[in-house]
Amino acid sequence: MTIPNELPAMILPGTVLLPKTIMPLRIFEERYQLMLADSLGGDRIFAIANGVPDAADNDSISDSDRKQLVATVGLIRVSSQNPDGTSILMLEGTDRVRIEEVSQLTPYPILRVSKFPTTNRPQDEFEAEIVVVLLDKVDQLHELVAVDEDNANAACHAIDDLEMLAHFIMQTYCNSSVMMLRTLETTNLIERCKLVSDYLQLQIMLAEETGE
């Protein structure tokens, strides 16, 4: 999918959409209802951003700060409008992008973005080793905290893409928007997987302490 240089965006502090995951959304603000209508009439994509700089400060953003301004492109898979004008969406994260500047704020935000691709993807045996480590920790955590009907660990075992696995784990087991944002901002996939592994290990330790 080709990502345009400018994207409509929802600014949702504390909310992080990771690529290759699905997020349900309820659209109720008038500006976002308008954005949704325009998106559905076009390429069905918009960005989810945890935050953006003030449009008046675009020129003063430092290069180091700009590197941390990351959003996720979301593709509308399902959209259902309610009688009151609100809508329920299923949004699929597709790509990470760097926010270069805010092009407009009204009637809804539009961001100028650039590519922010994943780097340092592990290969072959090393990738398989990382998968084993992640799945082993998922299973350990599942045994400690899961309820009977929870089949999240089985869903993890069914995923055959490392990046998707790492992101699904964080979406499923992580309730920290700070950690989710760190995951999104980390370009190096090996480092990203280590972040996920360390987070799982921490949750295992906390669950074991709680169970004692």
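First residue of the sequence shown? That's 1367 in this note's numbering, and the numbers climb one at a time after it. Don't be surprised by glycine CBs; every beta carbon is placed ideally from N, CA and C. Note that the structure is a prediction, hence the values are computed from the model and not measured.
Nearest to residue 1459 (by Cα), restricted to the options 1473, 1377, 1465, 1437: 1437
If we ignore side chains and look at the alpha-carbon of each, how far apart do residue 1500 and residue 1381 end up? 24 angstroms
Determine the DSSP secondary structure at residue 1525, reduced to helix, strand or coil. coil
Between residue 1518 and the rest of its own chain, which residues show a CB-CB distance below 6 angstroms, the 5 nearest in sequence each way excluded? 1538
With three or more beta-carbon pairs closer than 8 angstroms as the criterion, would you say the region 1392–1412 touches the region 1438–1447? yes
Mark residue 1455 as exposed unless 16 or more other C-beta atoms lie within 10 angstroms of its C-beta, in which case mark it buried. buried
Please check the pair residue 1504 and residue 1566, which I expect to be a contact at CB under 8 angstroms, by giving their CB distance rounded to whole angstroms. 7 angstroms
Given residue 1488 as reference, the closest of 1497, 1482, 1393 once Cα atoms are compared: 1497
In whole angstroms, what separates the C-alpha of residue 1549 from that of residue 1479? 19 angstroms
Below 8 angstroms, how does it come out for the region 1521–1535 and the region 1460–1478: are there three or more Cβ pairs, yes or no? no
Own chain residues within Cβ distance below 6 angstroms of residue 1429, not counting five before or after: Note that residue 1429 scores 48 on pLDDT, short of 50, meaning its location in the model is unreliable and no value can be drawn from it.
Which term fits residue 1450, buried or exposed, when burial requires 16 or more other beta carbons within 10 angstroms of its beta carbon? exposed
From residue 1561 to residue 1417, what does the alpha carbon distance come to, in whole angstroms? 22 angstroms
Judging by CA-CA distance, which residue of 1368, 1490, 1373, 1379 is the nearest neighbour of residue 1544? 1379
C-alpha distance - residue 1475 paired with residue 1465, whole-angstrom precision: 12 angstroms
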